[in-house]
Amino acid sequence: MTKRGFITAVFFLFAGILAPAETVIHVGAFPNITHSQAMVGKSNGWFERAMGPKVQIDWKSFNAGPSAIEALFAGAIDMTYIGPNPAISGYVRSNGEALRIVAGATSGGAALVVRNDSGIRKAEDFHGKKVASPQMGNTQDVALRAWLIAHGMKSTDKGGDVQVIPLANPDQLTLFMKKELDGAWAPEPWATRLIREGNGRLFLDERDLWPGGQFVTAHLIVRTQFLKEHPDLVKDWIRAHVELTEWINGHLPDAKKLLNQQIQKETGKALPDALLEEAFGRLQPTYDPLRSSLMTAAKSAFDAGFLGRTMPDLSSLYDLSLLNQVLAEKGKKAIQ
C-alpha cells in the first residue's frame, strides 16, 4: 500500500469510529386497514422522516397477533401495531414484564355478519347455527362469545348449541359462499367482503355495543426493555404516530389511496375502492388507546376461560407517560 493509500485508509477508519452509530428500530405491523398508521407511514416514509437520518426502521410484516407477540418475546421486534387480545395474552404470559401499551391506533372496524339465506333475523335465531371467528381467543372470538352469553346462549364447547368455529378470514368467505356457515364475527375489511362477496348481511356493527361507538381494535405496544433503554426514540415515534393519525383523519382520500397502495405492495392485491370505502367507514384512526374498552374485553376473555382461573392484574399494562408528554407539548388534553 502506498503512503497516500495508508493515510486515506486510516482517515476513513477514524471517521467511522467517530461517526455516531445508526440506531435500528424493528417495528411490526399487519397489512390491513386497522393498521392504517403503519401502512400509510410505510407508503409515504412518514416515520423515516420523523425519526431522522440516524435511525433506521426495520419493518416486519405479520398476519396474526400471536406471531407478532412471539417475535417481541424473542427480541426480534421492539414495537408493533397489534390488537388488544394478543397484547393482553402476551402481558399475562410474561407475568406483566414483556410489553406496554403506549398509544392507541384504531377504534371500531368489526361486525357480526350473517348469510342472507341463513334464516337469522333476531338474536334468538342463532340457536343451532354455525358462526365463525378468526381465531380461538382472538379479539373477535371473545366479542362473539360475550355477545352470545349476553343473549342467553353459549357455544357448544361450553354446553350450548351455537357452534363457534375458529376460521381464518379467507376461509370464512369461502364457506359463506358454499352456505356452510351461517354467520361470522369478522374484522374489516373481511366483514365487508362477507357482505359484498359472500351473500352476507350486516347483523350488528360492533360499535353499537360500546359507549360512544368506540372500542379498541389496534394499538401500539413496545417491548418493555426497549422502552426503558430508549424512551427518547419511543417518544419520537409516538409523536410521529400522533401527527400521522391527525393527518390521516384530515386527508382521508389521500390516506386511503396510500393505505391501499401499501396493502397491494405487501399482499399482491389492492382492495376495490367501493369495498375500502365501506370498510373504512366502520373504523376510526386514533391515538387514544381506549383503555376502558380493553378492560371490558379482558373481563369477557376471562369469563370465556381464556385468561386462567383468576382475573389477571392488568394495572401495569399501560404506560401512557410519553404519549401524554407529546399531547402536552401540542396543547392537547392528557389521556388518563
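If you're matching positions, the sequence shown starts at 36 in this note's numbering and goes up one per residue.
Every residue gets a Cβ at the ideal spot worked out from N, C-alpha and C, and that includes glycine.
L28 versus R180: straight-line alpha-carbon distance, rounded: The first residue shown for the chain is 36 and the last is 371, placing residue 28 beyond what the model contains.
Residue from T191, G125, Q207 and E223 with nearest C-alpha to F65: Distances from the CA of F65 to each of T191, G125, Q207 and E223 were compared; the closest alpha carbon is that of E223.
Cα-Cα separation between T174 and R242, rounded to whole angstroms: Taking C-alpha positions only, T174 is separated from R242 by approximately 14 Å.
Coarse secondary structure for V251, derived from DSSP in three states: In the structure shown, V251 sits in a strand (DSSP, three-state: E or B).
Three-state class that DSSP yields for D243 in the structure shown: Reduced to three states, the DSSP call for D243 is helix.
Simplified DSSP assignment, three categories, for G76: In the three-state scheme derived from DSSP, where H, G and I count as helix and E and B as strand, G76 is classed as helix.
The beta strand (DSSP E) enclosing L279, as first and last residue numbers: It is not in any beta strand (DSSP E) - L279 instead sits in the alpha helix (DSSP H) that spans P266 to G285.
When F315, E57 and A203 are compared against N284, the one with the closest alpha-carbon: Of F315, E57 and A203, the residue nearest in Cα terms is F315.
Segments assigned beta strand (DSSP E), at least 3 residues, entirely inside the stretch 114–139: Whole beta strand (DSSP E) segments, 3+ residues: 114–117.
Cβ neighbours of E83 in the same chain (closer than 7 Å, five flanking residues each side left out): Excluding positions up to five away in sequence, the list reads I92.
Whole-Å CB distance - A253 paired with T141, under 8 Å assumed: Contact holds; Cβ gap of about 4 Å.
7 Å Cβ shell around G154 - same chain, five flanking residues per side excluded: Residues D160 of the same chain have their beta carbon placed closer than 7 Å to that of G154, with the five preceding and five following residues left out of the count.
Cα-Cα separation between L107 and A73, rounded to whole angstroms: Straight-line Cα distance between these residues: approximately 17 Å.
CA-to-CA distance, I273 to P320, given in whole angstroms: Near 14 Å, if we compare the C-alpha coordinates of I273 and P320.
Contact set for A85: own chain, Cβ-Cβ below 6 Å, skip 5 residues either direction: The answer, listed in chain order, is A275.
Boundaries (first-last residue) of the alpha helix (DSSP H) holding I184: DSSP places I184 inside the alpha helix (DSSP H), whose first and last residues are T174 to A185.
Cβ-based neighbour list, I104, same chain, cut-off 6 Å, excluding 5 preceding and 5 following: Counting only Cβ-Cβ distances below 6 Å, and skipping sequence neighbours, we find P121 and G125.
Residue(s) in a DSSP beta bridge with R236: In the DSSP output, where bridge partners are listed per residue, R236 has V149.
Supposed close pair M114, V257 - CB separation, criterion 8 Å: About 4 Å; that satisfies the 8 Å criterion.
Per-residue burial, E313 [other beta carbons within 10 Å of its own, 16 or more giving buried]: Buried, since its Cβ has 16 or more Cβ neighbours within 10 Å.
Under 8 Å between C-beta atoms of G139 and Y353: Contact: no.
Endpoints, alpha helix (DSSP H) assigned at S328: Counting along the chain, the alpha helix (DSSP H) containing S328 begins and ends at R326 to D338.
For Q297 and A178, the rounded distance between their alpha carbons: Between A178 and Q297, the alpha-carbon positions lie close to 29 Å from each other.
Inter-residue Cα distance where the pair is N204 and S168: If you take the alpha carbons of N204 and S168, they lie about 8 Å apart.
Cβ separation of Y116 and L279, assumed to be a contact under 8 Å, to the nearest whole Å: With a Cβ gap of about 12 Å, Y116 and L279 do not count as contacting.
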